[in-house]
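Convert by adding 103 to the 1-based position in the sequence shown; the result is the number in my numbering. Backbone N, C-alpha and C define an ideal beta-carbon position, used for all residues, glycine too. Presented below is the structure to which this report refers.
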Amino acid sequence: MLRFNDIADRVLEYDPDCDLALLQRAYVYTAKVHEGQERLSGEPYLIHPLEVAGVLVDMRLDAVTIAAGMLHDTVEDTLTTVDEIKRLFGEDVAFLVEGLTKISKVEFSSAQARMAENFRKMLVAMSQDIRILLIKLADRLHNMRTLHFLSESKAHRVATETLDIYVPLSHRLGIHWMKRELEDLAFRTLHPDEVDELEQNLRGRHAERQEYIDEVRGILEVRLRDAGLEADITGRLKDLASIHAKMVRQGTGLDKIYDVIAFRIVLAGDTGAVYHALGLVHSIWPPVSGRFKDYIALPKSNGYQSLHTTVIGPYGERMEIQLRTDAMHM
Ligand code: MN
């Protein structure tokens, strides 16, 4: 179980002046009011607000947000009132906890599910302060991580809602790691059989894939270095959910194993280096028509910038490559 000291140590690493006393008081208070309550896992309820606080620390948020994270279920699930939170922890923390309590009262029915976009907009509008949304996302992430304790039908409902609302929301906010984890957890819940099959299949050809990654990396490293470009090149397995979506789209099995690998080239220097590297990539392997996207000249609405291309790589296999600068990657 995550302990308060772990949280405090990690906050101090990125925010040495943070209000530790506030965090300590929030911790003691939430432990007191949730005492005797249990999660469906049978563990003490306190684990949940602490884990939510831990996710907020992963996002390097401030003490007020982390304190509100620890207190986020107190008004909803205990006898605590917003006035009491205000008296004990101040206006800011109370404002965030109140916002979260309001959001949790909005029921997400199947009728509304068809209007997920509207629901998402309403969430954003109700939140007023982006920190409310960030705490809500951290809350959802921990609930998704512990979804297996729910009944199947309930777990399906939560996973579907996560895909409809919280995956697009985290994507829009540019929190890529959270988007990936939420999507992966939802996919595992909704399609357990496909996940088993995919994972078995992927494990079986692990060595073959690693060889392919090394070969492509080797070629790229030499060519970029010869051109005077400094780059960090990684090859990775694509997410299960996106591999599955692709197989459904193309109606194929997993025999095209290279289709599941994506490469990323992160370049030192400015935008010019990225276009230079793209030219080199296209001169080594021919690009697939219609697959090139310039998100540097036309960034995504969340600010994302990169070049995306698909090329015909070694052995005639298509592979996706993303190129960007260090700054864009950050
Ligand atoms: Mn909660």
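### Query
Do Glu201 and Val185 have their C-beta atoms within less than 8 Å of each other?
Judged by their CB atoms, Glu201 and Val185 are nearer to each other than the 8 Å cut-off.
### Query
Considering Val369, what are the terminal residues of the beta strand (DSSP E) in which it resides?
First-last of the beta strand (DSSP E) with Val369: Ile364 to Leu370.
### Message
Assuming the contact rule is C-beta atoms closer than 8 Å, Leu125 and Ala166 should be a hit. Round their C-beta distance to whole Å, please.
### Response
That pair is a contact at about 5 Å.
### Message
Any heavy atom of the ligand MN inside 7 Å of the beta-carbon of Asp242?
### Response
Result yes, Cβ under 7 Å from the ligand MN.
### Task
Please list, in chain order, all residues of the same chain as Glu333 whose beta carbon is under 6 Å from its beta carbon, the five residues on each side excluded.
If we look at Glu333 and ignore the five residues flanking it on each side, its Cβ neighbours are Ala371.
#### Entry: Any non-hydrogen atom of the ligand MN within 7 Å of His137 CB
Incorrect: His137 has no Cβ contact closer than 7 Å to the ligand MN.
### Task
Kindly give me the distance between the Cβ atoms of Thr183 and Val136, rounded to whole angstroms, as I take these residues to be in contact under 8 Å.
Yes, they are in contact, since the Cβ atoms of Thr183 and Val136 sit about 6 Å apart, within 8 Å.
### Task
Please classify Gln408: does DSSP put it in a helix, a strand, or coil?
DSSP places Gln408 in the coil class of the three-state scheme, outside both helix and strand.
### Message
So, at 7 Å on beta carbons, what are the nonlocal neighbours of Ser144 in its own chain, with the 5 sequence-adjacent residues on each side left out?
### Response
Annotation for Ser144: Thr249 and Phe252 place their beta carbon closer than 7 Å to its own, counting only its chain and skipping 5 residues before and after.
### Query
Should the stretch 314–331 be regarded as contacting the stretch 278–291, the criterion being three or more beta carbon pairs within less than 8 Å?
Output reads no: the stretch 278–291 does not touch the stretch 314–331.
### Message
Nearer than 7 Å: is that true of the beta carbon of His175 relative to any heavy atom of the ligand MN?
### Response
Yes, the ligand MN has a heavy atom inside 7 Å of this Cβ.
#### Entry: Residue range of the beta strand (DSSP E) that includes Ala334
Ala334 to Leu340 is the extent of the beta strand (DSSP E) around Ala334.
### Message
Tell me which residue opens and which closes the alpha helix (DSSP H) that Ile110 is part of.
### Response
Annotation for Ile110: the continuous alpha helix (DSSP H) segment containing it runs Phe107 to Tyr117.
### Task
Consider the C-beta atom of His151 and the heavy atoms of the ligand MN; say whether any pair is separated by less than 7 Å.
Result yes, Cβ under 7 Å from the ligand MN.
### Task
Within its chain, find whatever has a CB closer than 6 Å to the CB of Thr337; leave out the 5 residues flanking it on each side and keep chain order.
Within its own chain, the residues whose Cβ lies closer than 6 Å to the Cβ of Thr337, once the five positions on either side in sequence are excluded, are Arg367, listed in chain order.
### Message
From the DSSP secondary-structure annotation, give me the bridge partner or partners of Leu426.
### Response
Beta-bridge pairing by DSSP links Leu426 to Ile368 and Leu410.
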